[in-house]
Amino acid sequence: MQGKKLSLIIATYNRGGKLCATLDSLLVQTLPQELWEAVVVNNNSTDDTAERFAAYAAAHPELDVRMVEEPVQGVSAARNRGIAESRGEYIVVIDDDETVVPVFLERYYDLFESEPGTAAAGGRILPGFEGVPPRWMSPYTERAIAGTLDLGGRVREFPEGKFFGGGNHGYRRSVVARYGGYDTALGRTGTVLLAGEEKEFYGRLRAGGERIVYLPDAVIYHLVDAGRLTRGYFVRLCRNIGRSERRRTLAASRGAFAVRLVAEAVKWAGAAVLAAGYLLRGAPARGGYLLLMRWQITAGLLGA
Numbered sequence: 132m133q134g135k136k137l138s139l140i141i142a143t144y145n146r147g148g149k150l151c152a153t154l155d156s157l158l159v160q161t162l163p164q165e166l167w168e169a170v171v172v173n174n175n176s177t178d179d180t181a182e183r184f185a186a187y188a189a190a191h192p193e194l195d196v197r198m199v200e201e202p203v204q205g206v207s208a209a210r211n212r213g214i215a216e217s218r219g220e221y222i223v224v225i226d227d228d229e230t231v232v233p234v235f236l237e238r239y240y241d242l243f244e245s246e247p248g249t250a251a252a253g254g255r256i257l258p259g260f261e262g263v264p265p266r267w268m269s270p271y272t273e274r275a276i277a278g279t280l281d282l283g284g285r286v287r288e289f290p291e292g293k294f295f296g297g298g299n300h301g302y303r304r305s306v307v308a309r310y311g312g313y314d315t316a317l318g319r320t321g322t323v324l325l326a327g328e329e330k331e332f333y334g335r336l337r338a339g340g341e342r343i344v345y346l347p348d349a350v351i352y353h354l355v356d357a358g359r360l361t362r363g364y365f366v367r368l369c370r371n372i373g374r375s376e377r378r379r380t381l382a383a384s385r386g387a388f389a390v391r392l393v394a395e396a397v398k399w400a401g402a403a404v405l406a407a408g409y410l411l412r413g414a415p416a417r418g419g420y421l422l423l424m425r426w427q428i429t430a431g432l433l434g435a
């Protein structure tokens, strides 16, 4: 661990198979191994995650990766443990159901080395569907399911209204010392599909005036299996997006919650126009699922 400049944090829960695919993509990183480490945080997995990881680490001694345990359930608690257990000056966070491109870590490293005024960054998130996406899928519903983020091919500061994704962001360790870690009231907890932990974290940095950069070449592919493309999963996901937004904004202030309600009304207007457009183009299922998404998010936001 001595001399490591960058620490990669991966929280995992009951995804032994996907975790191994994630680790496979680390084997071909262009950033020299002597500069980085990977810390996998096992968050009470009940499957064979620990056994799979042990076998993988033994088979790939060239990879500087270790597993630690976090007994408090939730991705935010797991990431906070990963930060505490890591040693790098720079911290990069990904999830256990994605693969990264070979230059992924190098792009983060080069940014923080060359731009001392940049506090944090986030990269491009693209879907990696493990089957054919359903006909009702649109860019808007895809964003909810896969967390898609694509702001173009230019390095720049994040524009107003955008924020980095939970499965692809990084920051200096000094940021955690100034602002604290992830809010454990937010983020996925076991099988409960809460979210918003990265948005809340981003908001604290932005409120502090920090420079946060979009890195288009730091690409991850979010692996989406068939189970996430069912109506039941989609409804549950969207309802919990709304619940997460309710928690996040009410924790800030009632004024923030009121502003979020106004934004939801604006989003409804946009969804109605888009749904009408899909209907006219002969794709009513896309419009229907867009309205279903909005309905579930609103219900969660209102406390349903």
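All you need for this note's numbering is the position in the sequence shown, starting with 1, plus 131. Heads up, the beta-carbon is just placed ideally off N, CA and C, and yes, glycines get one too. Bear in mind that the values here come from a model prediction, so they are computed numbers and not experimental data.
If you compare the alpha carbons of G321, F184, R342 with that of P290, the shortest gap goes to R342. By the 16-neighbour rule on beta-carbons within 10 angstroms, R362 is exposed.
The C-beta distance from L354 to E261 rounds to 6 Å, short enough to fall under 8 Å.
Taking C-beta separations shorter than 7 Å and ignoring five residues to either side along the sequence, the partners of V224 in its chain run I140, R210, H300, G301, following chain order. Cβ-Cβ distances below 6 Å link E331 to D314, L317, R379 in the same chain, with the five nearest sequence neighbours on each side left out; the list follows chain order. A distance below 6 Å between beta-carbons, with the five flanking residues on each side excluded, links E201 to the following residues of its chain, in chain order: V172, N174, A208, A209, R212. With contacts defined as CB atoms closer than 8 Å, C369 and A275 qualify as a contacting pair. T180 and T143 do touch by the CB rule: their CB atoms are close to 6 Å apart, below 8 Å. DSSP places G254 within a strand segment (E or B) once states are collapsed to three. Going by DSSP, M268 is part of no alpha helix (DSSP H) at all; its letter is neither H nor E.
Per DSSP, the continuous alpha helix (DSSP H) segment holding E329 begins and ends at 328-338. Listed in chain order, the beta strand (DSSP E) elements of length 3 or more contained wholly in the segment 300-384 are 342-355. Between A215 and D195 a beta carbon distance of about 18 Å is seen, past the 8 Å cut, so the two are scored as non-contacting. With fewer than 16 neighbouring CB atoms inside 10 Å of its own CB, R266 falls in the exposed class.
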